[in-house]
Amino acid sequence: MLTDTESHGTPGQTEWDRRKKGYEVEVSQRKEKVMLRRLLVAIALIALIGCLVSCTNPTGSDDYREVPTSHKIRVDNGMRKSVSITIGAARFDNIPANSTTSFKEIGEGKHNVTGDLEGYVVVSGRGRHKWELNIYRGGFTTISEVK
Numbered sequence: 411m412l413t414d415t416e417s418h419g420t421p422g423q424t425e426w427d428r429r430k431k432g433y434e435v436e437v438s439q440r441k442e443k444v445m446l447r448r449l450l451v452a453i454a455l456i457a458l459i460g461c462l463v464s465c466t467n468p469t470g471s472d473d474y475r476e477v478p479t480s481h482k483i484r485v486d487n488g489m490r491k492s493v494s495i496t497i498g499a500a501r502f503d504n505i506p507a508n509s510t511t512s513f514k515e516i517g518e519g520k521h522n523v524t525g526d527l528e529g530y531v532v533v534s535g536r537g538r539h540k541w542e543l544n545i546y547r548g549g550f551t552t553i554s555e556v557k
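The opening position of the sequence shown corresponds to residue 411 in the working numbering, with each subsequent residue numbered one higher.
Have a look at this one:
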C-alpha cells in the first residue's frame, strides 16, 4: 500500500479523504452538466415558442406573406346604346353610350357578368389593382388593368 505522500496526496490526507474529494468533484461536475443541459433545453424551448408565435398569421389565411389586396373595376361602354351589367357584386345600371363609369369594389377571383352582356371576368393579383371592362360594338369585351 502507498503512503500518503507517495500517492500524490497532501501529507496527512488519507486515501479515503482523496476518494471523497474526488467523488465530491465528480458530483459537482455532474450537477453542472445537468444544469447546463436544463439551461440549453430552456433556451431551445424559448426559441421554439418564439418562432411559433412569430410565424402565426393573425389574419388566419394560409399565406404568411399576405399583402392587402384591393380590386376595383369600372366599365367603358363603347357601344351605341346604354347597357346595364353586374360584375360579381358590382352593379352598373344604365351606362350611357361611349362613356365610362366610376370604379366599384370587387373581390379577387372569378366573377359572373350578367345583364345586357353575359360571361365572366377574373381579377387577381397582390396589392391594389384597378380594372376596366371595355365593351366594344358588337358586344366584344376585354378586361385590362388601369395603370
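C-beta: ideal position from N, C-alpha, C; glycine also.
Query: Between 537, 535, 536, 549, which lies nearest to residue 525 when the distance is taken from Cα to Cα?; Result: 549
Query: Helix, strand or coil for residue 540, going by three-state DSSP, please let me know.; Result: strand
Query: Taking the continuous beta strand (DSSP E) assigned at residue 555, which residues delimit it?; Result: 551-555
Query: I need the boundaries of the beta strand (DSSP E) containing residue 487, first residue and last residue.; Result: 480-487
Query: For the pair the region 486-494 and the region 507-518, tell me if three or more CB-CB distances fall below 8 Å.; Result: yes
Query: Beta-carbon separation of residue 515 and residue 500 under 8 Å?; Result: yes
Query: Can you tell which of 537, 542, 538 has the C-alpha that lies nearest to the C-alpha of residue 531?; Result: 542
Query: Give the C-beta separation of residue 463 and residue 497 to the nearest angstrom, bearing in mind that I take them to be a contact with Cβ-Cβ under 8 Å.; Result: Incorrect: roughly 41 Å between the Cβ atoms, too far for contact.
Query: Residue 529: which of 495, 546, 556 sits nearest, CA to CA?; Result: 495
Query: So, is residue 537 buried or exposed, given that buried needs 16 or more other C-beta atoms within 10 angstroms?; Result: exposed
Query: Would you decide whether residue 411 is buried or exposed? Buried here means 16 or more other CB atoms lie within 10 Å of its CB.; Result: Low confidence applies here, because residue 411 scores a pLDDT of 48, under 50, leaving its location unreliable and the question unanswered by this model.
Query: Can you tell me the Cα-Cα spacing of residue 438 and residue 451, whole angstroms?; Result: 20 Å
Query: What residue does the beta strand (DSSP E) around residue 520 start on, and which one ends it?; Result: 519-525
Query: Determine, using beta carbons only, whether residue 529 comes closer than 8 Å to chain C.; Result: Going by chain labels, chain C is absent from the structure shown, which holds only one protein chain.
Query: Count the other CB atoms within 10 Å of the CB of residue 533; is the residue buried (16 or more) or exposed (fewer)?; Result: buried
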